[in-house]
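Peer 1: Here this note's numbering is used: the first residue of the sequence shown is 8, the next is one more, and so on.
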Amino acid sequence: MSDEITISELAKLMKVSVHQIRYFEEKGVLAPAYIAENQYRMYGVDEIYRLSHILLLRKMGLSVQMIKECLSNLTTIQITSLFRQALADTEAAITQLQQTKHLYQQVAAGERSYST
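(1) At what residues does the alpha helix (DSSP H) containing THR67 begin and finish?
(2) Select from GLN105, GLU11, LEU81 the residue whose C-alpha is nearest the C-alpha of VAL41.
(3) For a test of the three-state rule: what should DSSP assign to TYR47, helix, strand or coil?
(4) Considering only C-alpha positions, which residue in the set GLN105, ARG57, ASP96, ALA95 is nearest to CYS77?
(5) My output table needs one value for THR13: the three-state DSSP class, helix, strand or coil.
(6) Would you mind reading off the limits of the alpha helix (DSSP H) that contains LYS108?
(7) Which first and last residues belong to the alpha helix (DSSP H) in which VAL25 is found?
(8) MET49 and THR13: beta carbons closer than 9 Å?
(9) Give me, in chain order, the residues of the same chain whose beta-carbon lies closer than 7 Å to that of LYS6; leave out the 5 immediate sequence neighbours on both sides.
(10) Could you tell me which of SER24, HIS60, ALA18 sits nearest to LEU89, measuring between CA atoms?
(11) Quick check: what's the CA-CA separation for GLY51 versus ARG65?
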């Protein structure tokens with residue numbers, strides 16, 4: 008059994024379309040480990056990790072060009088720092104949403120009145 012997977016297997020694994028993976032390849036941010044004799048694009052563990060980083064950076068709102076620059080110019084430590092900051096921001100947003108939800112629940116239950 009090979010350690011590499013095809014583009015369709017990668018797409019299924021990462022829950023993205025083959026088209027999206029090909030787009031990232033076209034833009035120069037992701038390349039297959041190699042192209043097999045049958046012209047199948049083959050991806051290994053390194054490419055899977057790279058795609059996961061690309062997808063996380065996209066979720067952070069970065070353009071594909073910015074992602075290319077980040078992955079080309081930043082160290083692993085710097086990228087990890089970006090993800091840690093995004094995690095902290097996400098946790099803060101979740102806390103804010105939970106507080107808002109609790110307030111809505113109180114108002115809906117009649118525990119608080121906001122009459123003028």
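Where a beta carbon is used, it is the ideal one built from N, C-alpha and C, also for glycine.
Peer 2: So, from the listed chains and residues:
(1) The sequence given here has Met at residue 67, not Thr. No alpha helix (DSSP H) holds MET67; DSSP gives it neither H nor E.
(2) Checking the sequence shown, residue 41 turns out to be Tyr, not Val. TYR41 has its Cα closest to that of GLU11, out of GLN105, GLU11, LEU81.
(3) Secondary structure of TYR47 (DSSP, three-state): coil.
(4) Comparing Cα positions, the closest option is ARG57.
(5) Strand, per DSSP.
(6) Where LYS108 is concerned, the enclosing alpha helix (DSSP H) stretches over 83 to 115.
(7) Boundaries of the alpha helix (DSSP H) around VAL25: 25 to 33.
(8) Going by C-beta atoms, MET49 is nearer than 9 Å to THR13.
(9) What the structure shows of the chain is the stretch from 8 to 123, and residue 6 is not part of that stretch, so it cannot be assessed.
(10) The residue from SER24, HIS60, ALA18 with its alpha-carbon nearest to that of LEU89 is HIS60.
(11) For GLY51 and ARG65, the gap between their C-alpha atoms comes out near 21 Å.
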